[in-house]
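If you read the sequence shown in this note's numbering, its first letter stands for residue -16, the second for the next number, and so on. Glycine residues also receive a C-beta, built at the ideal position from the N, C-alpha and C atoms. Quick caveat: nothing in here was measured; it's all calculated off a predicted structure. Inspection log for the structure reproduced underneath, given as structure tokens.
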Amino acid sequence: MQKKIIPLLLFSFLISNDTSRTISTYKNGNVSTISYHEDTDDGQKVVRQETFHFTGSKAMEGNIEDDFKVGLWTYYYQNGKKRLEGKYIYGQKDGLWTHWYDNGIKANQYTYKAQSAEGKIFEWHIDKECWTRSGNPCECGPSWWSDCEKN
-16 MQKKIIPLLL FSFLISNDTS RTISTYKNGN VSTISYHEDT DDGQKVVRQE
34 TFHFTGSKAM EGNIEDDFKV GLWTYYYQNG KKRLEGKYIY GQKDGLWTHW
84 YDNGIKANQY TYKAQSAEGK IFEWHIDKEC WTRSGNPCEC GPSWWSDCEK
134 N
């Protein structure tokens, strides 16, 4: 009897709530996607999505409006650290986007306007160690591709 009550309670909760969710899994049983839906006059629409790596850690999360990514979206490495974060306006990157290395150190920042990078681009060295072309250590330049600082 108890086995029948739990699904019935869950079903009644989903009917009474305007937001529901769909969970998809990998063959290994780990969650692959959680999609959150809202009831509309035309049926249900996805309003938020979370995806997961095969290993179970979160891969990305963000909101959806009219089938477009909107607002803040965050992407993650398998180790759980942030990989990329920025805002979308109807599916197009807009504003400041930040990328990190898998060890948590900031890698770069781009500013987007309607999906195109514009303005200054900032880059950071992963280990803060730089070398001359001949292999001698030197003071890092402002960008990962630049030569050593001139003293």
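Practice task
Taking the CB atoms as reference points, tell me whether L55 and K76 lie closer together than 8 Å.
Solution key: Indexing the sequence shown from 1 puts residue 55 at position 72. Indexing the sequence shown from 1 puts residue 76 at position 93. Not closer than 8 Å, so no.
Handout entry: As assigned by DSSP and simplified to three states, the class of N46
Key = Position 63 of the sequence shown holds residue 46. Strand, per DSSP.
Exercise for the section: Tell me whether D1 sits in a helix, a strand or coil according to DSSP, three-state version. Expected result: By 1-based counting over the sequence shown, the position of residue 1 is 18. In the structure shown, D1 sits in coil (DSSP, three-state: anything other than H, G, I, E or B).
Practice task
Grab me the residues of V53's own chain with a C-beta within less than 6 Å of its C-beta, minus the 5 sequence neighbours each way, in chain order.
Solution key: Working through the sequence shown from its first residue, we reach residue 53 at position 70. Taken in chain order, the residues that qualify are N46 and Y71.
Exercise for the section: Decide if F35 is buried, meaning its Cβ has at least 16 other Cβ atoms within 10 Å, or exposed. Expected result: For the purposes of this step, residue 35 is taken as the residue at position 52 of the sequence shown. Buried: at least 16 other Cβ atoms inside 10 Å.
Practice task
Quick one: grab the DSSP three-state call for I(-12).
Solution key: Position 5 of the sequence shown, counted from the first residue, corresponds to residue -12. For I(-12), the predicted model reports a pLDDT of 48, less than 50, meaning its position is unreliable; a value from the coordinates is still stated below. Three-state DSSP puts I(-12) in a helix.
Problem - Neighbourhood of K65 by C-beta, 7 Å cutoff - its chain only, sequence neighbours within 5 removed - result: What you label residue 65 is simply residue 82 of the sequence shown in a count that begins at 1. Here the set comprises T57, Y59 and W83.
Handout entry: Buried or exposed (CB count within 10 angstroms, at least 16 for buried), Y166
Key = Since the first residue of the chain shown is -16 and the last is 134, residue 166 is not available in this structure.
Handout entry: C-alpha gap between F105 and D85, whole angstroms
Key = Within the sequence shown, the letter at position 122 stands for residue 105. Within the sequence shown, the letter at position 102 stands for residue 85. Whole-angstrom Cα-Cα distance: 18 Å.
Problem - Residue of D1, T16 and G78 minimising C-alpha distance to Q27 - result: Along the sequence shown, read from residue 1 onward, the residue named residue 27 stands at position 44. The residue with the shortest Cα to Cα distance from Q27 is D1.
Exercise for the section: Measure the beta-carbon distance from V18 to Y9 and round it to whole angstroms, keeping in mind my assumption that it falls under 8 Å. Expected result: Translated into the one-based positions of the sequence shown, residue 18 becomes position 35. Translated into the one-based positions of the sequence shown, residue 9 becomes position 26. The displayed chain sequence assigns Ser, not Val, to residue 18. 15 Å between Cβ atoms; not a contact.
Problem - Proximity of S99 and G63 at Cβ, strictly below 8 Å - result: Taking the sequence shown and counting its residues from 1, the one referred to as residue 99 is at position 116. Taking the sequence shown and counting its residues from 1, the one referred to as residue 63 is at position 80. It is not a contact, given that the beta carbons lie outside the stated cut-off.
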